[in-house]
Each structure stands twice: as C-alpha cells, then as structure tokens.
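Undergrad: In order, the protein sequence lines correspond to chains A and B. Residues 1 to 289 in the working numbering are what the first sequence spells out, letter by letter. Residues 290 to 578 in the working numbering are what the second sequence spells out, letter by letter. All residues carry an ideal CB built from backbone N, CA and C; glycine is no exception. Have a look at the structure that comes next, please.
There are 2 protein chains.
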Amino acid sequence: MLRHSLLLLFDELKKQVRKGLLTGQIGDVFSQIYAESLQLLSSADREELISRVFGKRYIAFCGVARGSRAINADLFEPDVTLWTQLLSEMQTGEIVSFNSDQINRVLYSLAISFCASVDLIKEGDQQTPGTFFQYFVAFIVAWRLGVEPTTSIQILSIDQEDTRLPTDFIFNPGPKQRKFHVPIKTSSRERSIMLWAHQKLIDGVYGVERFMGTPVMLAETKLDKASREVIEICLPEQWRMYQLYIARLKRIYYLDIPAAYARLNAEFPPLEVRPFGDFLFEWKDLTPG
Amino acid sequence: MLRHSLLLLFDELKKQVRKGLLTGQIGDVFSQIYAESLQLLSSADREELISRVFGKRYIAFCGVARGSRAINADLFEPDVTLWTQLLSEMQTGEIVSFNSDQINRVLYSLAISFCASVDLIKEGDQQTPGTFFQYFVAFIVAWRLGVEPTTSIQILSIDQEDTRLPTDFIFNPGPKQRKFHVPIKTSSRERSIMLWAHQKLIDGVYGVERFMGTPVMLAETKLDKASREVIEICLPEQWRMYQLYIARLKRIYYLDIPAAYARLNAEFPPLEVRPFGDFLFEWKDLTPG
C-alpha cells in the first residue's frame, strides 16, 4: 500500500526534527502538514457529537472506513493562515498579535487536525499522533526558551558507570537559567502517575524543582464509538494525591483543558492546570516552590 | 461468534473472584482453566524459538490463525496433577512437598498456558491474560497471608472529602501484622516506574514501608514475530535509579526472572529480584528497610 501523502510529510518532519528543532524549516513542515490535514478532513463528513461535558461542544469527522476522535468545536478554527502568521511572528522573535487564548486555538486546531486525519487514515494508530504532538509542542517550547531539548539526563557516576537516564523532554537554557521538565502527551489517562514519578526522579538527581515540571497535554476526551457520546476522563482527587505525596508539578498545561482539572486551580492547595498558551507569557515568572 | 469455552471458564473465574479469593471454588476453576488450556495447546504446533537470552530456551505454540507468546521451555512442565497436588496441600494449610523452585514451575506452567492459549484465541488481547494473572497471583498471596486483598486505600480526610485511592493489590492481615503492596503484572516494560510511584504514594499516606512493596511479574520476554527471536527487555540501571530516588521495593518477584534483573541481587546496593516461589517461604522474614 502506498504511504499516504500526510504520512510522507510526517516522515519529512521526523527527518527535520533530527537536525534540531531550532534550525531548518520545521515550521514550514508544520504548515504543510496542517494544510494537508485540513484538505483530508474537508473530504470527510462532519458530525455533531453528543457532549457529556458541561459547556463543551464536540464534532468528529467521518471517513469512508472509520471516524476521527472528538474535536472541541469551540477551540477548532481550521485556518492555516492563522498558524503561518503566528509562525512568522515567532520567527521575528516575539508574538505580538495573539493572546494566550488565541495561541491556544491556533495550536489546538493544528494539532487536532493532524490527529483526526491520522484517525481516518489508520485504525488504532496512537503512536503517530503521539509523536507528532511531542514534536509540535517541543518545537514551540524550544522556540520560547531558545534551547534544544534533550531526552535524557546524566546521573552522577559514583560507581564509574556513566549512566544517562531516559526522560521526557528536558530544556536547559544554561547555567543559572530556568530549567524545565516537559512531558508531552496527547492524554494522560491511567498513566498520569508517571508524570509525577519522573519529576520525583529528576528532583532526586538534581534537587527539588531544579527542573520545574510543566507537562503539556492535548485533551482527555473519550468518544464512545457506539453511542457517539464524548466524556472527559479525569482523576482530580488522584492528581491531588500525587501532587501531595510524590512530587510537585509547577503547572499542567492543556490545549483543551478538562473541566474537572480546571477546577483544581480554584481549590486550596492549588494544582495549577492552565491553557498551554499561558506558558508562552508566564514562563519567566515561574519559580520553584 | 460463540465465546470460546476457555473464555467462558474465565468468566466463571471472574464470578468466583467477586465472591472472594479465600472462599468458594476458585482453586478448582484454576484447575479447569489449566486443563482446558493444555488441551487447546495440544492441538497447536510446538515451535522452537531462537533464544537471544543466554542460558534460556523458548518455545511457542502456533495455531491456525496466529501464534502464542514465548514460553520458557525449562520452566514449562504442563501437568495439571502437579497443580492439583499443590492446591490440595494449600487447602490443608501448608505446602510440604514442593520447594520454591518447584512451586515456581507449577505456577509458571499454569499461568503461561492460559496466556498462550488466549494468544491463540484472540489477536492482541493483553487484558485477559493480565487480569487472569492478577487473580491467579492474588489467589496464592491471599492464601499465604490468610487475608483478602483490597484495591484501594483510604486517605486521611483532612478536608471532609472521604477519599479512597485506587491501588494495586493491598494485603493487610490486621493490626501489627505484616502488610504488603503487591502490584501484579504479566510484564512491566516501559511502565515499570509506576511500581515505584505507587509505593511512594502508599509510603506517603501510611509511612515508609508500612506496606512493603513486593510486586509480582510473569516475565519480560519479547518475541519478534518475523525473525522468531526472543529477547528480554530489561532496564536494570533505570530500576536502580527508581529504587534510589523514588521509593524502596522490598522484593520484585518473577515467575520467569529476566537474566539482567537476577544480576541486580549480586550488586551493591542489592535490588532483590527473586523467583515468586521464594515469597511463600520468606514472607515472614521480610521487614521494612
């Protein structure tokens, strides 16, 4: 079977990522991927889903063979020019004409367009959307912090073994600069405790919050394929326990914040779950503790 | 499609488990499942696999539609009477005619027979073998400790919310008795950090090693379907980091111990990875720290 043109673009993206997120034409590859995804979705039927999440509306795209994941209709603004404008401002060094909410919409629309397209192309492929989302968010964070991420940390070699420990994305802009530990996932689901466990490990090796933990997630929606109902799978009480007993995450960012997690911001002690767009403006204000 | 007779027995097992592991006829259901599994495997072709693990030999069973996972040929003694004898000794209160190694073989042979059978019946079903293995090991541990497990712990309700936190199996034989936290998995793979994270959480709520962590796993083999080669996926250096920086697990038990993890016992500080059979004899000697 011929590899779908969208997946060929994804191959090209992987090739570019290997050269580095801050060099080359990665932004343009994202533009091409976005355009190709929207073209693919435009040939599919748009379906209104039944939302079981208060205040949120969802749609999906239905292809010939299968349907897409749920898309938050209020965040979805399929428009490549918004992305290219954002990208062009990033390239001049500063985002001036988008606020946090607008950035969130642009990034959500691009990311979910690709994920939904892959849903239509391949049955049950979670890995391609997952990897794409990692590259996409890492690209934005790398731009903001001005440094390439690594995915391992060095462990003090007390016993000669020169050990590197694989991690999620680590951004270290240099001595005495803010350092970030940024797991990037399309959803956390039943594995969310791993976010805190990795933070605990990095805290242990480098000191508590030497790397501030700021995971970025896409959404926590679940679409019941038979009933066409959308729910959000959230475990706020468990998250609070992880935050109290395992490690402290400084922020948890989402492109589509689940309602149950958004409420954690309002409780004491707060567990700050924010739109990812906020990171681009508040990153310099974040401090450990 | 009619549900396979082995899966009907599995349904019966689930029904019995709901009544409790220490009551009813669960042991007999395991005997039936074992016999049915061996009958199913006897109708499949037996294949010698290419072992890339030093000192271990593996086989697989090949059905009409698909093949089974790898089976450690040196541990595999398909003989229901060995199990029924072990079961009968358990019912009289003490195991007298099996040592740890022999128990391990009996338990391994029963567990892997069911898992391999499910591999032949259903494509890509990891959940049925996983749940079965949890019930099977929990049944043995519940017998040994004389107490039913729970799968949640109560959190001190400082803010009125009466929170229970879902956990892996927890065995609490009563006040001032040894308590155990026993995650049970067919393999740990890339999620192994969750074993330590849950221990850290329970340590936080109840005090360090108030519940001793003794996870039980089946194996870490991976069969390459094309090349027919078997490897063991192990991350011993990462495990050591988890043990140093996240929490202390008292033991990690396997029915088929991966070679790379067995070596951790010989190093300092030891991370004690043992055959599960050992638990039945050493459980009263285990102490925190």
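1) For a contact defined as C-beta to C-beta under 8 Å, what are the partners of Trp196 of chain A on chain B?
2) Starting from the C-beta of Gly346 of chain A, find all residues in its chain whose C-beta is less than 6 Å away, skip the five residues before and the five after it, and write them out in chain order.
3) Measure the alpha-carbon distance for Tyr543 of chain B versus Tyr245 of chain A and round it to whole angstroms.
4) Just checking: is the beta-carbon of Gln423 of chain B within a distance shorter than 8 Å of some beta-carbon in chain A?
5) Name the residue from A:Trp239, A:Glu190 and A:Ala219 whose alpha carbon lies nearest to the alpha carbon of Leu490 of chain B.
6) So that I know if they touch, is there some Cβ in chain A lying closer than 8 Å to that of Ile447 of chain B?
7) Measuring straight from C-alpha to C-alpha, what distance separates Ser51 of chain A and Tyr58 of chain A?
8) Could you check the C-alpha separation between Glu498 of chain B and Thr576 of chain B for me, to the nearest Å?
9) Would you say Ile348 of chain B touches the ligand MN, meaning its beta carbon is less than 7 Å from a heavy atom?
10) Leaving out the 5 sequence neighbours to the left and right, which residues in its chain are closer than 6 Å to Gly313 of chain B when beta-carbon positions are compared?
11) State the beta-bridge partners of Asp334 of chain B as determined by DSSP.
12) For the segment 522 to 537 of chain B, enumerate the residues whose C-beta is nearer than 8 Å to any C-beta of chain A, in chain order.
13) Are the segment 423 to 442 of chain B and the segment 456 to 470 of chain B touching by the rule of at least three beta carbon pairs closer than 8 Å?
14) In or out: Arg563 of chain B buried (at least 16 other Cβ within 10 Å) or exposed?
15) How should Gly292 of chain A be labelled, buried or exposed, when 16 other C-beta atoms within 10 angstroms of its C-beta is the threshold for buried?
16) How would you write the range of the beta strand (DSSP E) that Ser97 of chain A sits in, first residue to last?
17) For the segment 113 to 128 of chain A, enumerate the residues whose C-beta is nearer than 7 Å to any C-beta of chain E, in chain order.
18) Name, in chain order, the residues that DSSP records as bridge partners for His181 of chain A.
19) Going along chain A in order, which residues have a C-beta closer than 9 Å to the C-beta of Leu454 of chain B?
20) Does the segment 328 to 335 of chain B come into contact with the segment 507 to 523 of chain B, if we say contact requires no fewer than three beta-carbon pairs (one atom in each stretch) closer than 8 Å?
21) What three-state label does DSSP hand Thr475 of chain B in the structure shown?
22) Can you check DSSP and say which residues form a bridge with Ser113 of chain A?
23) State the DSSP-derived secondary structure class of Glu521 of chain B, mapped to helix, strand or coil.
24) Distance cutoff 8 Å, beta carbons only. Does Ile170 of chain A sit that close to anything in chain B?
25) DSSP has Gly67 of chain A in a bridge; who is on the other side?
26) Provide the residue span of the beta strand (DSSP E) that contains Thr439 of chain B, from first to last.
27) Take Val118 of chain A and list the residues in its own chain whose beta-carbon comes closer than 7 Å to its own, dropping the five residues that flank it on each side.
28) With a cut-off of 8 Å, does the C-beta of Lys489 of chain B fall near any C-beta of chain A?
29) I need the straight-line Cα distance from Gly338 of chain B to Phe350 of chain B, nearest angstrom please.
30) May I ask you to list the residues that DSSP assigns as paired with Pro129 of chain A?
31) Does the segment 357 to 369 of chain B come into contact with the segment 297 to 304 of chain B, if we say contact requires no fewer than three beta-carbon pairs (one atom in each stretch) closer than 8 Å?
32) I'd like to know if Ile482 of chain B contacts chain A, where contact means its C-beta is closer than 8 Å to some C-beta of that chain.
33) Round the Cβ separation of Ala548 of chain B and Phe343 of chain B to the nearest angstrom and send it over; I've been treating them as touching at under 8 Å.
34) Using a Cβ-Cβ cut-off of less than 7 Å, list which residues of the segment 60 to 84 of chain A approach chain B; keep chain order.
35) To which residues of the same chain is Pro78 of chain A closer than 8 Å at the C-beta, ignoring the five residues directly before and after it?
36) Quick one: what's Val273 of chain A bridged to in DSSP?
TA: Checking against the coordinates, here is how it stands:
1) Ala486
2) The structure shown does not extend to residue 346 of chain A, since chain A is modelled only from 1 through 289, so no value can be given for it.
3) 28 Å
4) no
5) A:Trp239
6) no
7) 6 Å
8) 9 Å
9) The ligand MN is not part of the structure shown, which contains no ligands of any sort.
10) Gln305
11) B:Cys351
12) Glu526, Gln527, Met530, Tyr531, Leu533, Tyr534 and Ile535
13) yes
14) buried
15) Absent from the model: residue 292 of chain A. The displayed extent of chain A is 1 to 289, so no value can be given.
16) Segment: none, Ser97 of chain A is in no beta strand (DSSP E) and carries neither H nor E.
17) Looking for chain E here will not work: the only protein chains present are A and B.
18) A:Ile170 and A:Gly213
19) Glu237, Gln238 and Met241
20) no
21) coil
22) Answer is none; Ser113 of chain A lacks a bridge partner.
23) strand
24) no
25) A:Cys62
26) Thr439 to Gln443
27) Asp125, Thr128 and Pro129
28) yes
29) Going by the sequence as given, residue 338 of chain B is Leu instead of Gly. Those two C-alpha atoms are separated by around 10 Å.
30) Paired residues: none, contrary to the question.
31) no
32) yes
33) 6 Å
34) none
35) Leu38, Leu41, Ser109 and Ser113
36) A:Ile252
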